[in-house]
Structures are given as C-alpha cells and as structure tokens.
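Contents: one structure, followed by commentary.
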C-alpha cells in the first residue's frame, strides 16, 4: 500500500534493497562476521625487515659561496634564440599540416615581394 498522494510505491526502498543484495554478493563479509563456509587464510611467517644503511649527514650547513645561484626561468640570449627558432619551426610544421605555407616570405599563405 502506497502512502504518498499519487499512490506510487517509494522506489528508494526497492533500490536500496537491490543495491544491498548486490553488495553482499560481490563483497562478502570479512573477519568474525564472515560465513562459516569460507576457508581461513593461511598466515605467513614474519619476514625480516630490511634495514637501510645510514648515510652520514654532511658536515655543517652550506655556505652561500659554495652554492651556484640558479634561476631556471631566466634564459641566456642564446637559449632564448634557440627556443624562438624551435617555436618558429613547430609553428611552420603545424601550419603545413593545414596546407598553409609559412616562412619569412609568406604571409597568410601568400608569397610577398622581397
């Protein structure tokens, strides 16, 4: 008997029942609550723990003069030129896949005067 105004059974109750049934079938209980027909898991003897050798720490703190000052985001002019030319080569290759000729004498796929 439905108790809501439209006389329709509450589907949440049935959905929860089906999901619980599926979960019990797919994931049986473990530990002391599992069913008696499941064979117990064989215990493995304790294996010795691997001990790592100690590496001695360096003597004292580092001095500022001993460490090179490095900012990886700052490029030398040569690196900047190499990246610019690599970007131009990649752009030309990408445009070539779409049939657009690119280069110093080509603008929008049309050859321009020298």
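Residue numbers (the UniProt record's numbering): 1 to 114.
For every residue, glycine included, the Cβ atom is placed at its ideal position computed from N, Cα and C.
Where does residue i sit, in a helix, a strand or coil, going by DSSP?
i, result
"residue 110", "strand"
"residue 97", "helix"
"residue 56", "coil"
"residue 68", "coil"
"residue 92", "helix"
"residue 79", "helix"
"residue 105", "coil"
Could you give the first and the last residue of the continuous alpha helix (DSSP H) run that contains residue i?
i, result
"residue 20", "11-26"
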